[in-house]
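Colleague: Take this structure, written in structure tokens, and hold onto it; I'll ask about it next.
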Amino acid sequence: MLEVFGLSDQGCVRQNNEDFFIIDRQLGLYLVADGMGGARAGERASRLAAETVRDHIQRVGHAGPETLARAFEEANMAVLRAAGGDREFEGMGTTLVALLDSGQEICVASVGDSRAYLYDAPSLIPITEDQTWVQEVGRRLGIDEASLRKHPMRHVLTMAIGITEDLRIHSYQLHPKPGNLILLCSDGLHGVVDADSISRVLGAGGSLEERCRLLIGAAIERGAPDNVTVVLLEAK
142 MLEVFGLSDQ
152 GCVRQNNEDF
162 FIIDRQLGLY
172 LVADGMGGAR
182 AGERASRLAA
192 ETVRDHIQRV
202 GHAGPETLAR
212 AFEEANMAVL
222 RAAGGDREFE
232 GMGTTLVALL
242 DSGQEICVAS
252 VGDSRAYLYD
262 APSLIPITED
272 QTWVQEVGRR
282 LGIDEASLRK
292 HPMRHVLTMA
302 IGITEDLRIH
312 SYQLHPKPGN
322 LILLCSDGLH
332 GVVDADSISR
342 VLGAGGSLEE
352 RCRLLIGAAI
362 ERGAPDNVTV
372 VLLEAK
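Below, the structure written as structure tokens:
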């Protein structure tokens, strides 16, 4: 059983919120999407992808890693079609990270750089791996971490929903213990709030809502140049 709370904030710089999240306890689906493409395009991409994933799982009627992967593929094609059918939305895309709880198993899937973490006190453990230039190219070239943090390619995605038909999905299985926390978030959080600070908030106690608000607040204290979205779950 999972308890959950989610929160999204526009941040300190952006004029709109291109993030979108879903909490659907009935389906056991929890999802964060971070749209891109500017103005209405980013908002359209994240919402369309998220709702397509939810609709697919609802239609299929059973949960599992294959179901989640197929839902991501359907979302990818939906965004591609929408972008191709309207010049206003041309080039739009979105990241996607989702958790699906069937009651028997918990699976996670991700595309892009929205992340899932497992918090098993006192350790914050990354579940997902970013699909970014830094992760897939920079580190393989042996560029040191200090240089990567300032590299002009540091925000470049190597994969996103709505960019190519050849979608690469990262899939994971989770076996949380009672009391473990699972955090889904956009890069508006992890891009400005370091892992130690996230870990301190998660370990400080309080309700899931209080901790979500503290995480959003930590991003805002650091200038929040992007939209910030968090979905926090606790295993019972």
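Start counting the sequence shown at 142; every next residue gets the next number (the numbering used here). Backbone N, C-alpha and C define an ideal beta-carbon position, used for all residues, glycine too.
When the Cα atoms are used, what is the spatial distance from His311 to Gly358?
Modeller: Cα to Cα, His311 sits roughly 29 Å from Gly358.
Colleague: Distance, Cα to Cα, Ile284 vs Gly169?
Modeller: If you take the alpha carbons of Ile284 and Gly169, they lie about 40 Å apart.
Colleague: Starting from Asp271, trace the alpha helix (DSSP H) in both directions and tell me its first and last residue.
Modeller: Where Asp271 is concerned, there is no enclosing alpha helix (DSSP H), given that its DSSP letter is neither H nor E.
Colleague: Among residues of its own chain, excluding the 5 on either side of Pro206, which ones have a beta-carbon nearer than 6 Å to its beta-carbon?
Modeller: Closer than 6 Å at the Cβ level, and outside the excluded window around Pro206, lie Cys248, Ser312.
Colleague: Counting along the chain, where does the alpha helix (DSSP H) carrying Leu343 start and finish?
Modeller: 336 to 344 is the span of the alpha helix (DSSP H), which, as asked, contains Leu343.
Colleague: Along the chain, where does the beta strand (DSSP E) containing Thr208 start, and where does it finish?
Modeller: Taken as a continuous stretch (DSSP letters only), Thr208 belongs to no beta strand (DSSP E), being part of the alpha helix (DSSP H) at 206 to 225.
Colleague: Should Ser348 be labelled buried (16 or more other beta-carbon atoms within 10 Å of its own) or exposed?
Modeller: By the 10 Å Cβ count, Ser348 comes out exposed.
Colleague: Bridge partners of Ala360, per DSSP?
Modeller: Ala360 pairs with nothing; no bridge assigned.
Colleague: Among Ala376, His331, Ile266, Glu350, which has the Cα closest to the Cα of Pro366?
Modeller: That would be His331, whose Cα lies nearest to the Cα of Pro366.
Colleague: Within 10 Å of its beta-carbon, does Arg352 have 16 or more other beta-carbons around it, so buried, or fewer, so exposed?
Modeller: Its Cβ being crowded by 16 or more others within 10 Å, Arg352 is buried.
Colleague: May I ask you to verify whether the segment 255 to 274 touches the segment 190 to 198, counting CB pairs closer than 8 Å and requiring at least 3?
Modeller: Output reads no: the segment 190 to 198 does not touch the segment 255 to 274.
Colleague: Indicate whether Ile302 and Phe213 have their beta-carbon atoms separated by less than 9 Å.
Modeller: The answer is yes: Cβ separation under 9 Å.
Colleague: Is Asp335 closer than 9 Å to Asp175 when the C-beta atoms are compared?
Modeller: Cβ atoms of Asp175 and Asp335: not closer than 9 Å.
Colleague: Would DSSP call Arg352 helix, strand or coil?
Modeller: Correct three-state label for Arg352: helix.
Colleague: Around the Cβ of Ala287, are there at least 16 other Cβ atoms within 10 angstroms (buried) or fewer (exposed)?
Modeller: Classification of Ala287: exposed, given that the 10 Å Cβ count is below 16.
Colleague: Residues in the same chain with beta-carbon distance under 6 Å from Val369, minus the five sequence neighbours each way, listed in chain order, please.
Modeller: Once the five neighbours on either side are set aside, the close Cβ partners of Val369 are Asp150, Gly152, Gly329, Leu330, Ile357, Ala360.
Colleague: Do you know whose CA, among Leu343, Leu308, Asn217, Arg363, lies nearest Leu325's CA?
Modeller: For Leu325, the nearest C-alpha among the options comes from Leu343.
Colleague: Could you give the first and the last residue of the continuous alpha helix (DSSP H) run that contains Leu330?
Modeller: Run containing Leu330: 328 to 331, per the alpha helix (DSSP H) assignment.
Colleague: Can you find the residues in the same chain that come closer than 6 Å, C-beta to C-beta, to Val154, ignoring five residues on each side of it along the sequence?
Modeller: These residues qualify, in order along the chain: Pro366.
Colleague: Please name the residue or residues paired with Val372 in a DSSP beta bridge.
Modeller: Answer is Gly147, Leu325.
Colleague: Is it true that the CB of Tyr171 sits closer than 9 Å to the CB of Leu221?
Modeller: Contact flag unset, no.
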